[in-house]
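Going by this note's numbering, the sequence shown opens with residue 7, and the numbers climb by one from there. Reading through the structure tokens given below for one structure.
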Amino acid sequence: MSGALPLSAPAPARRRRGPLAAFLRHPGAVFGLVILTVVVAAALLAPVLYPTSPWRMVQRPFVPPFTLERVPLGTDALGRDIAAGLMHGAGVSLIVGLVSTLAALLIGVPLGALAGYLGGRVDDALMRFTELFQTVPSFALAIVLVAILQPSLSSMILAIALVSWPPVTRLVRGEVLSLRSREYVQAAIVTGQTTFTILRREVLPNTLSPIVVLASLMVATAILLESSLSFLGLGDPNRMSWGFMVGAGRTVIRQAWWITAFPGVLILLTVLALNLIGEGLNDALNPRLSRER
Numbered sequence: 007m008s009g010a011l012p013l014s015a016p017a018p019a020r021r022r023r024g025p026l027a028a029f030l031r032h033p034g035a036v037f038g039l040v041i042l043t044v045v046v047a048a049a050l051l052a053p054v055l056y057p058t059s060p061w062r063m064v065q066r067p068f069v070p071p072f073t074l075e076r077v078p079l080g081t082d083a084l085g086r087d088i089a090a091g092l093m094h095g096a097g098v099s100l101i102v103g104l105v106s107t108l109a110a111l112l113i114g115v116p117l118g119a120l121a122g123y124l125g126g127r128v129d130d131a132l133m134r135f136t137e138l139f140q141t142v143p144s145f146a147l148a149i150v151l152v153a154i155l156q157p158s159l160s161s162m163i164l165a166i167a168l169v170s171w172p173p174v175t176r177l178v179r180g181e182v183l184s185l186r187s188r189e190y191v192q193a194a195i196v197t198g199q200t201t202f203t204i205l206r207r208e209v210l211p212n213t214l215s216p217i218v219v220l221a222s223l224m225v226a227t228a229i230l231l232e233s234s235l236s237f238l239g240l241g242d243p244n245r246m247s248w249g250f251m252v253g254a255g256r257t258v259i260r261q262a263w264w265i266t267a268f269p270g271v272l273i274l275l276t277v278l279a280l281n282l283i284g285e286g287l288n289d290a291l292n293p294r295l296s297r298e299r
């Protein structure tokens, strides 16, 4: 029998966690996802649980919360059900946040990709155009646009999209600038592919991670903007929203705190949830952070 020491088995290679596993290991992101799921469920169930209009008077004014089963969260100054308003308002906030963010991405991503890839005068012209929008405060510009277009759901979505796209353009431009000198992009140029094909197949797919993270934060910002516009009376007069409820209860906050408190807490939790989800997506989709963990 040989006296040689037995060779030890090689250590198993450390498995790299996928993005989903990395996201689920982030406790803040999971907490945010749970809150957002509840808000989405409330928006979907609102027509089922409260099929009548949330503007309808259902009880006497200023019923405190948790006193009547029919209106568990109380009523406002006109006898409207607070719970019905909260559930219907969830749908308005989510629609404005998601659609305005999608519209902002449709504007910002192509402009940023063209600026970063083409460079030169095209880059200068597009960046000066972007800076023109950034010279005016976003909220002030949104107020002006909604006032000009008349308050409605579509005008709010358009106004928020028009003030939200410049950060997307700058982010995509920076990512494309770092990608256009890569070997696979140069190989695509040598093979004679068009600019559109190179951007669509080679460049933009590699910028999705930061865009997804930014989009989650943009939805939160859009919800805040919508709530602020509705608070000022620039929301859709035919749709109940959280911002309108906060604004309607501000004059009687000492007498009926729940009118302002409940929608205010929901705005806070929804925006917090989206920010936590964005942080979790950043950790999950950022390869450098994934390797460090």
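Beta carbons are placed, not taken as given, at the ideal position from N, Cα and C, and that holds for glycine. Quick caveat, the model's predicted, so the values are computed rather than measured.
(message) If you reduce the DSSP assignment to three classes, tell me which class D242 lands in.
(response) Here D242 sits in coil by DSSP.
(message) Beta-carbon within less than 8 Å of V191's beta-carbon, same chain only, minus the 5 sequence neighbours each way: which residues are those?
(response) Excluding residues within five positions, the ones whose Cβ falls inside 8 Å are L185, I204, E208 and V209.
(request) Spell out a yes or no on whether the stretch 212 to 222 and the stretch 269 to 289 are touching, meaning 3 or more CB-CB pairs, one atom from each, closer than 8 Å. (result) The stretch 212 to 222 vs the stretch 269 to 289: in contact.
(message) With distance defined between alpha-carbon atoms, name the residue in F145, L274 and F135 nearest to L240.
(response) In terms of Cα proximity to L240, the closest of F145, L274 and F135 is F145.
(request) Sort out for me which residues DSSP pairs D129 with in a bridge. (result) According to the DSSP secondary-structure assignment, D129 is paired through a beta bridge with no residue.
(request) Could you tell me the distance, in whole angstroms, from the CA atom of R76 to the CA atom of R86? (result) The alpha-carbon separation between R76 and R86 amounts to approximately 11 Å.
(request) Grab me the residues of G270's own chain with a C-beta within less than 6 Å of its C-beta, minus the 5 sequence neighbours each way, in chain order. (result) Within the same chain, G270 has close Cβ partners V252.
(message) Quick check: R260 and L159, are their CB atoms within less than 9 Å of each other?
(response) Their beta carbons are not under 9 Å apart, which means R260 does not touch L159 by this criterion.
(request) Please confirm whether A27 and A52 have their CB atoms less than 9 Å apart. (result) Against a cut-off of 9 Å, the Cβ pair of A52 and A27 comes out as no contact.
(message) I'd like the ranges of any alpha helix (DSSP H) spanning at least 4 consecutive residues and lying wholly in the stretch 120 to 176.
(response) Under the rule that a run must span 4 or more residues, the alpha helix (DSSP H) segments found entirely inside the stretch 120 to 176 read 126 to 140 and 144 to 155.
(message) Is the separation between the beta-carbon of P60 and that of G95 shorter than 9 Å?
(response) Yes.
(request) Specify, as a first and last residue, the run of the alpha helix (DSSP H) that Q192 falls within. (result) Segment E189 to V196, the alpha helix (DSSP H) holding Q192.
(message) Using a Cβ-Cβ cutoff of less than 8 Å, which residues in the same chain neighbour D82 once the five nearest sequence positions on both sides are dropped?
(response) Apart from sequence neighbours up to five positions away, the residues of its chain that approach D82 with a beta-carbon distance below 8 Å are P67, F68, I88, G91, M251, A254, G255, A262 and I265, ordered along the chain.
(message) With the cut-off set at 9 Å, would you say A110 and W171 are in Cβ contact?
(response) Taking 9 Å as the Cβ cut-off, A110 and W171 qualify as a contacting pair.
(request) Kindly list the residues whose CB is nearer than 7 Å to the CB of L279, restricted to its own chain and excluding five residues on each side of it in sequence; keep chain order. (result) A small fix is needed here, since residue 279 is Ala in this sequence, not Leu. Once the five neighbours on either side are set aside, the close Cβ partners of A279 are G38, I41 and L42.
(request) Label G126 either buried or exposed according to how many other C-beta atoms from any shown protein chain fall within 10 Å of its C-beta, with 16 as the threshold for buried. (result) Exposed, because fewer than 16 other Cβ atoms sit within 10 Å of the Cβ of G126.
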